[in-house]
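Engineer: Residue numbers (our numbering): 10 to 335.
Where is the CB? At the ideal position from N, CA and C, for every residue including glycine.
Given the structure is predicted, the values throughout are model-derived calculations rather than measurements.
Written out as structure tokens, the structure is:
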């Protein structure tokens, strides 16, 4: 990072010459321009990996020296920066090609950036510039929110909403704030989606026990109401809707993403080896969403967000009848 970046942290976008990276570039340039922030176009390459390129259709690939990798990375990065400047003449854009593992480089950049933007997958024209997708590596390790694009974002946000997946624990606090701030900045409504179901250890028990589903639904709605308390006063211009659904979170969030400008999820991230693996919900949503997905890490500063303490769920489950064996 430069001295200017220390006083004006840039939005960071990772590129590799792939179509997904181009989508990420355009989205990042729009967001950086809206924020009045500089844009850092970052392309990482691995000089130790023997890159290859095809000499032509039907011809075998030939080795490419690492010096050519650097040259190609610098050229690709410069072209991406030029594209961003063409779309936003007033945008301060810096292009930077860095030797190193792409995921590691982007995680390092996230320590000072307000936002990192990535394509859902990437394989540039030269193998080795960005091998496969790094989004799965960067997302749980990032120190700042990461926005991942797998499909072209809508140019018009009319009628679209910001959707926030509410888990009901501390991982949701930072995601909620990010969602509210994004919605307010873009003059969009916000839909909070909370899915739930009872967890039975034995399927037979679910059949045998009579569950008061209305009571269960009311308790979940109480959880959502308590979590959202206070946000209406802080963000009075944001139209907020609550969608409490019994069902699987991935299916519901992917469905909601069809009419969303942005889908926001929270993750604890970076806390222990197990936390470095994306949760099944985040992983599923990233692979199925129809809009950009923002994954927001839980702040390590306990004063930076509200702690969420949902009430303990208690359901009236009568003892199942005992079958007599004669």
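For the putative contact between residue 305 and residue 252, defined by C-beta atoms under 8 Å, what is the C-beta separation to the nearest angstrom?
Structural biologist: Incorrect: roughly 19 Å between the Cβ atoms, too far for contact.
Engineer: Do you know whose CA, among 117, 167 and 143, lies nearest residue 129's CA?
Structural biologist: Measuring from the Cα of residue 129, the nearest candidate turns out to be 143.
Engineer: Give, in chain order, every unbroken run of the alpha helix (DSSP H) that is at least 4 residues long and sits entirely within the segment 179-260.
Structural biologist: Listed in chain order, the complete alpha helix (DSSP H) runs (minimum 4 residues) inside the segment 179-260 are 180-195, 212-217, 222-237 and 240-243.
Engineer: Looking at C-alpha atoms only, which residue of 186, 102, 222 and 289 is the closest neighbour of residue 45?
Structural biologist: Comparing Cα-Cα distances from residue 45 to each of 186, 102, 222 and 289, the minimum goes to 102.
Engineer: So, helix, strand or coil for residue 170, using DSSP?
Structural biologist: In this structure, residue 170 counts as strand in the three-state DSSP scheme.
Engineer: Below 8 Å between beta carbons: does that hold for residue 194 and residue 246?
Structural biologist: Result no, Cβ atoms of residue 194 and residue 246 do not sit closer than 8 Å.
Engineer: Can you tell me whether DSSP reads residue 22 as helix, strand or coil?
Structural biologist: Of the three classes helix, strand and coil, the one that applies to residue 22 here is strand, per DSSP.
Engineer: State the Cα-Cα distance for the pair residue 97 and residue 34, rounded to the nearest angstrom.
Structural biologist: Roughly 12 Å separates the two Cα atoms.
Engineer: What does the alpha-carbon distance come out to for the pair residue 32 and residue 38?
Structural biologist: If I take the Cα positions, the gap works out to 10 Å.
Engineer: Near residue 93, which residues of its chain fall below 7 Å by C-beta distance, leaving aside the five closest residues on each side in sequence?
Structural biologist: Result list for residue 93: 34, 38, 48, 50, 100 and 102, in chain order.
Engineer: For the alpha helix (DSSP H) containing residue 290, name the first residue and the last one.
Structural biologist: Element bounds for residue 290: 289-297.
Engineer: Fully enclosed by the segment 102-163, which beta strand (DSSP E) runs are 3 residues long or longer?
Structural biologist: Counting whole runs of 3 or more residues, the segment 102-163 contains the beta strand (DSSP E) stretches 102-108, 125-128 and 155-158.
Engineer: Buried or exposed for residue 223, please, with buried defined as at least 16 other CB atoms from any protein chain shown within 10 angstroms of its CB.
Structural biologist: Exposed.
Engineer: Do the CB positions of residue 298 and residue 159 come within less than 8 Å of each other?
Structural biologist: Yes. Within cutoff.
Engineer: Who are the Cβ neighbours of residue 114 in its own chain at under 6 Å, not counting the five residues just before and after it?
Structural biologist: Closer than 6 Å at Cβ, skipping near neighbours: 53 and 107.
Engineer: Could you give the DSSP three-state label for residue 47: helix, strand or coil?
Structural biologist: It is coil, neither helix nor strand.
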